[in-house]
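One rule links them: number in this note's numbering = place in the sequence shown (from 1) + 1.
Only one structure is covered here, and it is reproduced in the block below.
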Amino acid sequence: MEKVGILVVSYGAREAAMVDAFARSPNHKVELYIADKQRNPFNVKRATKHVVIPDLNIEQICKFAEANKDKLDFVMVGPEKPIIEGVRDLVEQRTGIPVICPLRDYAIEASKVQQRLLLQEIAPEANPRFKIFNPQEYDGIAAVKKDVYEWLDELENQAVVKPDKPAAGKGVGVWEDHFTTREQLFEHFISNFQHGAVIIEEKVDGEESSFQAFCDGKHLVPLPDTRDYKRAFDGDKGPNTGGMGAYKDADDKLPFLTAAERECELALAKKIFEKWASKISDGIALRGVPLYLAFMHTGKGITVLENNSRPGDPEIINILPLLKDDFVDLCFRMLEGNLTRVELEKAAAVLTYKVPPTYGGYADAFPNLVDKAAVDTPVDLSRAYALAEKYGDRIKVYPGSMEVRDGETYALKSRAVGVLGLGETIEEARQISLEGTRAISGGGLWNRTDIASKQHIAQSISHMEHLRRKL
Ligand code: AMP
Ligand code: GLY
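So, in structure tokens, the structure goes:
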């Protein structure tokens, strides 16, 4: 079997799922070189070489690539920070090893302002009404406050405040959800405005889907839709997080969307990609997952909430284990510019994240529910792994923000471990995912219990029915 060397730049469970997909390659003997945010127990076990680069600094990632240059066929990058900072430009220039992610100038996730302006040019119908507030254009708080309040008059307060720069899903503030008075909104606005431009845009009513597509620079290969759960707590309460879980149905579309609405998604993504790519002389700039669009379905069309330049965490975890293609071959096709389609098993997939009490404001919101004695104790994943005896390939346990220390596994600050269940139906997949989360003990970890619940999905369905009827 042919040997293939792959460097994976890893942040959390999303990359553990990639490492798993590479390690399970039927066609290649894979050697993994992993530049990791922490000593992830899953990655450490599977790596030929593993280094910890806590800030995922691109100079250090590049040094690791250079040191192993002769062994590496390509580099796969999951997290946004090194992508935005230009890891591909640096590694390709210095080592010649091809990197799977967009070039820095096309990592548009770096700026929500740029995203809105690009969309305004190529698909304005998918933008909400928005206004960009630039600190350079104001010389005092009073002037900006006046403009903000005038804009709020126009929007009738139905507004969303978005800092230009990404804040791991945590910088966005939504009227009624995060503030109920203009003063609160303005406070949130100013705390971000001190650091750079801020957008205030129309709050759009609808149901969200995450649309991802692989791209070899020339072809956009859409993946099935997933639904992410951004809010920290059950019932979509609490602050926004990086995502507490996600589901996909057995086919490509979500249960609350019609086939026509899925077609609209595909058409919009294709239009954005083609117009964007036509403006770029070097087509392969858009390699990887340059379009991971957060869509809001309004019943009358689609609004783009944001675009990311990388696979979703967790949303790609719902998809990777279902690839019929060897993931290594898929990556080679992406590098060669001939990735025209991917095939997936027909299965539903539900991912639930377990996170530490310090995550998502949980310890503050529910102090009595925090198992204080368990915090900072080792986490035992063995019973969750053992569920594979019962469920075979239908359960996957992917540690994220966890590290091995003195032979034990500890949760760190972010999303600690994702448990994926696969099944013929969403409910079957969900039960497996939940059983997996219950089998994990220690660390005081908690999780949302309503990811992909029948009730949550029924609400999305009736919300969409209502929106489609609305005049
Ligand atoms: P973003 O980081 O832009 O995806 O926003 C995070 C979350 O804020 C989204 O998942 C939505 O739930 C919400 N959100 C963002 N933009 C809007 C909008 N224009 N209207 C309503 N909700 C929004
Ligand atoms: N799940 C949200 C994200 O990856 O940005």
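Positions of the beta carbon are idealized from the N, C-alpha and C atoms, including for glycine.
The C-alpha of Ala260 is placed about 28 Å away from the C-alpha of Ser279.
DSSP lists Leu221 and Gly289 as the bridge partner or partners of Cys216. Residue range Val418 to Gly424 is occupied by the beta strand (DSSP E) that includes Val418.
No Cβ-Cβ contact shorter than 8 Å links Leu186 with Asn319. Contact between Gly197 and Pro164 is confirmed by a C-beta separation of about 7 Å, below the 8 Å threshold. Relative to the Cα of Gly243, the nearest Cα in the group Leu8, Gly13 and Ile7 belongs to Gly13. Of the heavy atoms belonging to the ligand GLY, at least one sits nearer than 7 Å to the Cβ of Asn309. Residue pairing by DSSP places Phe134 opposite Val199 in a beta bridge.
Distances from the CA of Glu157 to each of Asn135, Arg183, Val88 and Gly141 were compared; the closest alpha carbon is that of Arg183.
Not one heavy atom of the ligand GLY falls within 7 Å of the beta-carbon of Pro379. Between the ligand AMP and Met297, a heavy atom-to-CB distance of less than 7 Å is present. Distances from the alpha-carbon of Lys204 to those of Val173, Lys391 and Val45 put Val173 closest.
In this chain, the alpha helix (DSSP H) harbouring Pro42 covers Pro42 to Arg47.
Taking the Cα of Val329 as reference, the smallest distance to any Cα among Lys46, Leu73, Lys64 and Val45 is reached at Leu73. Here the alpha carbons of Glu67 and Gln121 stand approximately 40 Å from one another.
In the DSSP assignment, Gly437 falls within the unbroken alpha helix (DSSP H) covering Ile427 to Arg439.
Ser310 sits in coil when the DSSP states are folded into three classes, being neither helix nor strand. If you draw a straight line from the Cα of Ala350 to the Cα of Ala453, it comes to about 9 Å.
Going by C-alpha positions, Met245 is about 11 Å away from Arg228.
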